[in-house]
Amino acid sequence: MSKEFDVIIIGGGLGGLTAGATLSKQGKKVLLLEQHYIAGGCATTFKRKEFILEVGLHELDGLYEKDSKQDIFKFLEVDKHVEFVQIPELFRLKGNGIDFTHPHGQEAAALALIEKFPNEEKGIRSCLEFMDKVFTEIPKFPRERWVQLLLYPMLPLLYPNTVKAAKTNLGDWLDKHIADDELKIIMQAMLLYYHDDPYSMSMTYFSAAQASYIGGGGYFVKGGSQNLSNYLKSVIEQSGGQVLLGKKASEIITKDGKAIGVKFKDNFNEAAPETSQFAQAIIANAAVPLVKDLLPPAESEKLGKKIDALEKYCALLTVYIGFKKEVKDLGNKHYSTFVVGDDVKTLHDIKANNLGDWKNRNFVFVDYSQVDSKLAPQGKSVGVICAADYLTDWDKLDKEAYASRKEEVAQILFKRLEKEIPGICEQIEYYEVGTSKTVQRYTLNPGGTPYGFAQTPKQSGMGRLPLKSPIKNLYFAGAWSMPGGGFTGAIISGFLCGNTVNKRLNKNSNTQPVKLVDDRIVKLISKTVIAENTLELRIEKPKGFEYIAGQYAVLEILDPAHRELDTSFRSLSMVSHPDEDELRFSMRLSNTSFKQSINQLAAQHQFRVFGPMGDFLLSDNKKGIVFLISGIGITPVLPFLKELEKSKFDQPVFLFYSNKTSDEAAYHETFKAATLLSFQYIPVFTKIDSRINNEFLQAKLKDLTAFDYYVVGTKGFLNSMKAILLQNNVPLENIKIDDFG
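Per the UniProt record's numbering: the sequence shown = residues 1 to 741.
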């Protein structure tokens with residue numbers, strides 16, 4: 001039983017990456033498996049148009065002498081490789097007659113609050129000082145359960161504030177020390193970053209997190225949190241370990257009740273074989289309820305007894321927005337603005353509000369233009385609207401209803417944001433909505449929660465799931481375990497877990513270089529100009545890569561020449577047919593860093609291919625087919641036509657292909673020469689022709705209900721075509737849409 005690695009980590013969120021980097025810095029060989037093709041979990045970014053959209057980070061707390069992350073970042077050398085920019089103030093809160101800007105700094109916060117609520121000076125100082133004392137005590141609090149039990153009678157003397165906080169919740173604490181309801185609402189403004197109900201929010205966790213925000217301030221990772229995740233990943237790789245993205249654990253291997261290894265598969269290529277690797281220790285950064293499902297029955301039951309009754313945190317809805325200009329130019333002066341619903345008069349109204357109508361639900365708007373975020377081109381900016389969310393609101397909706405409801409919620413929130421920042425809606429260039437369902441899809445977290453088990457008094461501090469699991473050699477790192485969720489919680493959890501595992505490992509670490517073969521890494525064969533400003537790439541086909549005509553892959557450039565305001569990967573439809581020995585992709589060139597890197601690549605440059613993905617496939621219906629295509633959306637049509645020809649398809653096939661000019665029409669000559677029976681190629685060049693419209697389609701097709709439709713293009717093109725088809729009574733199930741825009 002070969003043990004090339006000392007530790008295998010399941011999951012590449014911040015907790016897993018920090019644990020892996022910590023162990024790597026201590027000379028251990030780490031294998032990290034992440035099911036997504038991006039490392040970082042919620043500490044990631046994604047590219048839309050010209051914008052880099054931040055998935056999860058609003059602001060990171062602390063980064064001052066009392067913050068334990070400072071020591072962690074110095075040990076991992078994060079401070080030398082990742083740049084943090086300070087937020088101007090902690091937050092602004094508006095609503096129900098309240099308008100308060102909360103500054104950074106313990107004394108500054110106290111003075112600002114006392115100025116607004118002079119009769120509450122005693123309660124304000126009491127709360128702020130108490131939270132700071134809890135924050136100061138927690139790093140000294142014993143982490144091992146046996147030490148806690150040994151010192152149990154002495155804990156109230158050694159850690160009086162932490163013990164006191166552990167016995168209550170945030171709502172009750174504020175009610176006891178403060179009378180003014182507006183002040184209470186201000187004091188808990190950032191609640192959603194930890195929980196959704198002040199009366200079940202652990203006072204311990206809230207105190208530590210909030211004191212760190214107030215005392216040290218808030219920070220953003222310049223360029224987005226992906227830079228932090230990428231750096232931690234690089235520490236593992238440069239220390240002789242390996243990070244395999246797109247690899248999903250299928251089983252934790254046990255022997256005599258001990259975890260000894262992990263079975264895993266490619267998360268996208270079902271044809272790829274399952275692999276087993278063994279190690280001295282296994283760290284699970286995946287959601288703990290999912291870890292239970294990876295264990296054999298006896299061990300699964302053992303873990304289930306610890307976690308099955310634990311309450312999970314709620315989820316979040318986020319509207320990601322790219323603006324045509326910097327929002328601060330519209331008069332907004334604040335980084336984070338918390339908007340309180342009209343129905344929130346007291347703390348008792350908050351839970352119901354978080355579950356209530358979107359027209360009134362509390363939300364926060366984060367304006368990244370207030371700092372040098374490096375998320376948008378000069379003169380443009382990025383922002384997000386964020387609110388509490390619950391999977392039960394979405395999981396029973398079909399695809400159409402889900403999309404419609406997301407749009408409805410976005411428009412409600414935009415209308416409310418317009419009241420706070422007049423003119424902002426006119427400046428929206430791009431937006432998309434991420435729900436609890438989105439988070440669950442990308443992270444696999446049950447319920448789509450980003451924060452793991454809820455931070456209730458019973459599930460916080462000594463009641464939090466420990467780093468050591470009940471199964472020997474299996475450990476936890478991340479939001480689901482001690483100390484808890486959020487960026488800081490995950491980082492501290494990963495660091496503590498890494499150190500705990502390092503102490504328990506056999507000192508005879510494998511010193512030999514370790515590298516599992518990654519068959520998804522392939523080389524560029526050639527580049528060809530196939531139309532104006534359009535390239536076709538021919539690359540090697542990964543070993544065992546099996547796909548269906550119409551599917552796409554994520555193509556990652558290894559060591560790209562350009563990185564500014566971009567990612568190193570793109571989702572691209574395969575132009576090649578599955579029977580071909582090579583993969584072909586086509587793309588329009590542009591001035592983005594990814595496209596510039598592509599344009600400069602020479603033969604033999606390496607890519608990593610994640611896939612296949614997608615369900616934009618030919619149906620089994622024996623009806624005629626109509627392709628309605630705009631621009632580079634043509635790519636899946638080539639393998640479709642080859643597949644139809646291969647199957648001797650004998651029904652009529654129409655291809656309407658819209659471009660500005662014939663020079664821009666990729667594969668124009670190929671379609672003119674196509675030999676498929678009953679195939680009609682109808683190019684539309686909008687510089688000289690009318691656009692595809694209802695009259696044009698009726699003239700060419702006669703009975704529009706006689707066909708299945710495949711529509712590819714930008715959102716405007718898709719909406720136009722879909723409206724025409726529905727107007728002509730084409731059933732929705734006969735319309736397949738692929739939105740590349």
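A virtual CB, placed ideally from N, CA and C, is assigned to each residue, including glycine. Values in this document were obtained by computation on a predicted structure and should not be read as measured data.
query	result
Helix, strand or coil, according to DSSP, for Q106 in the structure here?	helix
Given a cut-off of 7 Å on the beta-carbon distance, is the pair A19 and C425 in contact?	no
What residue from K399, K472 and I428 has the CA that sits closest to K437's CA?	K399
Name the DSSP beta bridge partners of K248, please?	K265
Quick one: grab the DSSP three-state call for I124.	helix
If we count the other Cβ atoms within 10 Å of its Cβ and call it buried at 16 or more, is D559 buried or exposed?	exposed
Check D181 in the structure and name its three-state DSSP category.	helix
Judging by CA-CA distance, which residue of E107, Y442 and I253 is the nearest neighbour of I471?	I253
So does the region 158 to 165 actually touch the region 201 to 212, counting three or more Cβ pairs closer than 8 Å?	yes
What are the residues that DSSP puts in a beta bridge with S395?	One point to set straight first is that residue 395 is Asp, not Ser, in the sequence displayed. According to DSSP, which records beta bridges pairwise, D395 is partnered with nothing at all.
If we count the other Cβ atoms within 10 Å of its Cβ and call it buried at 16 or more, is M1 buried or exposed?	Any reading at M1 needs caution, since the residue's pLDDT is 49, under 50, leaving its predicted position unreliable; the model's value is listed next. Counting Cβ neighbours within 10 Å, M1 comes out exposed, since fewer than 16 surround it.
State the Cα-Cα distance for the pair E580 and E540, rounded to the nearest angstrom.	11 Å
Across the region 600 to 613 and the region 536 to 554, are there enough close Cβ pairs to call them in contact, namely three or more that are closer than 8 Å?	yes
State buried or exposed for Q727, treating a residue as buried only when at least 16 other CB atoms are found within 10 Å of its CB.	exposed
At the level of alpha carbons, what is the spacing between E311 and D197?	13 Å
Taking the alpha-carbon positions, what's the K374 to V235 distance?	23 Å
When the Cα atoms are used, what is the spatial distance from G741 to Q35?	For G741, the predicted model reports a pLDDT of 46, less than 50, meaning its position is unreliable; a value from the coordinates is still stated below. Roughly 25 Å separates the two Cα atoms.
Should M721 be labelled buried (16 or more other beta-carbon atoms within 10 Å of its own) or exposed?	buried
Starting from the C-beta of V340, find all residues in its chain whose C-beta is less than 6 Å away, skip the five residues before and the five after it, and write them out in chain order.	G95, N96 and N362
Determine the extent of the alpha helix (DSSP H) in which K74 is found, giving its start and end residues.	S68 to L76
Looking at the structure shown, is S526 part of a helix, part of a strand, or coil, going by DSSP?	strand
Got a sec? Which residues, its chain only, sit under 7 Å from T101 by beta carbon, not counting five neighbours each side?	E89, R92 and H334
Please work out which residues of its chain come closer than 7 Å, Cβ to Cβ, to G304, disregarding the five sequence neighbours upstream and downstream, and give them in chain order.	K292
Spatial neighbours of R538 within its chain, please: C-beta separation below 7 Å, excluding the five flanking residues on both sides.	I525, S526, E582 and R584
Looking at the unbroken beta strand (DSSP E) that takes in Q486, where does it start and where does it end?	Correcting the residue type first, residue 486 is Gly in the shown sequence and not Gln. Here G486 belongs to no beta strand (DSSP E); instead the alpha helix (DSSP H) covers G486 to R504.
For the alpha helix (DSSP H) containing N719, list its first residue and its last residue.	K715 to Q727
Apart from the five residues on each side of it in sequence, which residues of its chain come closer than 6 Å, Cβ to Cβ, to D308?	none
Which stretch, first to last residue, makes up the alpha helix (DSSP H) that contains D739?	Not the alpha helix (DSSP H): D739 falls in the beta strand (DSSP E), residues I735 to D739.
Measuring CB to CB, does D703 end up less than 7 Å from F616?	no
Where does E664 land, buried or exposed, given buried means 16+ other C-beta within 10 angstroms?	buried
Helix, strand or coil, according to DSSP, for Y431 in the structure here?	strand
In this structure, how does DSSP classify M1 when only helix, strand and coil are distinguished?	Because the pLDDT of M1 is 49, which lies under 50, any placement of that residue in the model is unreliable, and the number read from its coordinates should be weighed accordingly. Note: M1 maps to coil in three-state DSSP.
Select from Y475, G452, Q106 and E556 the residue whose C-alpha is nearest the C-alpha of L128.	Q106
Does DSSP classify Y213 as helix, strand or coil?	helix
Around the Cβ of M187, are there at least 16 other Cβ atoms within 10 angstroms (buried) or fewer (exposed)?	buried
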